[in-house]
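A quick write-up on the structure given underneath.
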Amino acid sequence: MQLPVQSQSTLYAEPWEADAGPRELAEVARAADRAGFAYVAVCDHVAIPRRLAPAMSTVWYDPVATLAYLAAVTERVRLLSHVAVVGLRHPLLTAKQYATLDHLSAGRLILGVGAGHVREEFEALGVDFERRGAVLDECVDALRAALGPDEFPSHHGKRYDFEDLGQMPRPAQDRVPLWVGGSSPAAVRRAAVRGDGWLPQGDPRDRLPAQIARLRRLRQEAGATGPFTIGAITEPLYVGEPTWDVGRRTLTGSPAAMAESLRAYRAMGVDQIQVRFRSRGVGELADQMGAFGGEVGPLL
Numbered sequence: 004m005q006l007p008v009q010s011q012s013t014l015y016a017e018p019w020e021a022d023a024g025p026r027e028l029a030e031v032a033r034a035a036d037r038a039g040f041a042y043v044a045v046c047d048h049v050a051i052p053r054r055l056a057p058a059m060s061t062v063w064y065d066p067v068a069t070l071a072y073l074a075a076v077t078e079r080v081r082l083l084s085h086v087a088v089v090g091l092r093h094p095l096l097t098a099k100q101y102a103t104l105d106h107l108s109a110g111r112l113i114l115g116v117g118a119g120h121v122r123e124e125f126e127a128l129g130v131d132f133e134r135r136g137a138v139l140d141e142c143v144d145a146l147r148a149a150l151g152p153d154e155f156p157s158h159h160g161k162r163y164d165f166e167d168l169g170q171m172p173r174p175a176q177d178r179v180p181l182w183v184g185g186s187s188p189a190a191v192r193r194a195a196v197r198g199d200g201w202l203p204q205g206d207p208r209d210r211l212p213a214q215i216a217r218l219r220r221l222r223q224e225a226g227a228t229g230p231f232t233i234g235a236i237t238e239p240l241y242v243g244e245p246t247w248d249v250g251r252r253t254l255t256g257s258p259a260a261m262a263e264s265l266r267a268y269r270a271m272g273v274d275q276i277q278v279r280f281r282s283r284g285v286g287e288l289a290d291q292m293g294a295f296g297g298e299v300g301p302l303l
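So, in structure tokens, the structure goes:
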């Protein structure tokens, strides 16, 4: 699941998150660890322009700092950037940060990357917004080298060129999983050809089969082999029968009914689902996560 508190867009933040902070964030991460969740995820924005602040808010924790903090208070759950806008930074800098995170967490990193969408962020940092897709393509290739096993990685591209520059510590994993986020045609192609997985952004259930079919076709055409993880973001969830208004789109009900509904994702070819729970406080959220992990998860 993507964690609460660390990003507070009006699209998904609950009212209680406005007054929450590191304590609540750690509490939810520990709940995910106990409940058997595969990963916890953190978003990435450097700065939000005033015109977007009413909808997006300006609360966006730094993903590397936040995931490092959470690595120290958890034991098993993996740590995902969903997604890091890696084109805003030189890939050697990104590699240094995330390699250190993987080293400190004993190999729990999943690096999720995306192109970004806020023009003012790119302009303030001197990055070409119109060329962000091409920049991301090369960043992915450069990060493959920089997060690999070599102490002195090398990459020679149009924008980035480096060799004979050593970085230690290396990641604990032999190959850090690199998932590509986004649902545009370019993002799906990038995931298929360059990634180890795909993180859709807002695709409803009825759009997923066509997207997955395209992913598989593109991978076959590119001769891409090896493990590939297809994701999906579910509807908001509430385990049980709520006594308050959780919204008409929220999936509710018994663990068996919820599992039956969610198994439809597996039938489409989805490997992992990212979930989000409606809640009125951190205690209710932790309870929902525990119920999901203990009663719904085993049925999946």
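For the sequence shown, the working numbering assigns the number 4 to the initial residue and increments by one for each residue that follows. Beta carbons: idealized from backbone N, C-alpha and C, even for Gly.
Linking ARG222 to ASP206 through their CA atoms gives a straight-line distance of about 20 Å.
Taking ALA127 as reference, the option from PRO52, GLN9 and ARG111 with the minimal CA-CA separation is PRO52.
In the DSSP assignment, THR232 falls within the beta strand (DSSP E) that extends over 232-236. Of the residues assessed, ARG178 falls on the exposed side of the cut-off, its CB having fewer than 16 other CB atoms within 10 angstroms. Contact check for ASP105 against ALA148 fails: the beta carbons are separated by 8 Å or more. Between ARG281 and VAL249, the gap from beta carbon to beta carbon is short of 8 Å. Nearest C-alpha to ARG26 among GLY284, ALA137 and VAL299: GLY284.
Pairing VAL299 with PRO258 gives a Cβ-Cβ distance under 8 Å. Scanning its chain for C-beta atoms nearer than 6 Å, with the 5 sequence neighbours on each side dropped, one finds around ALA118 the residues ARG135, GLY136 and LEU139, in chain order.
Annotation note: the stretch 223-299 contains the following uninterrupted alpha helix (DSSP H) runs of length 4 or greater, listed N- to C-terminal: 258-271 and 285-294.
Looking only at ALA235, ALA75 and ARG219, the smallest Cα-Cα distance to THR228 is reached by ARG219.
In the DSSP assignment, VAL138 falls within the unbroken alpha helix (DSSP H) covering 135-149. The alpha-carbon of ARG197 is positioned some 8 Å away from that of ASP144.
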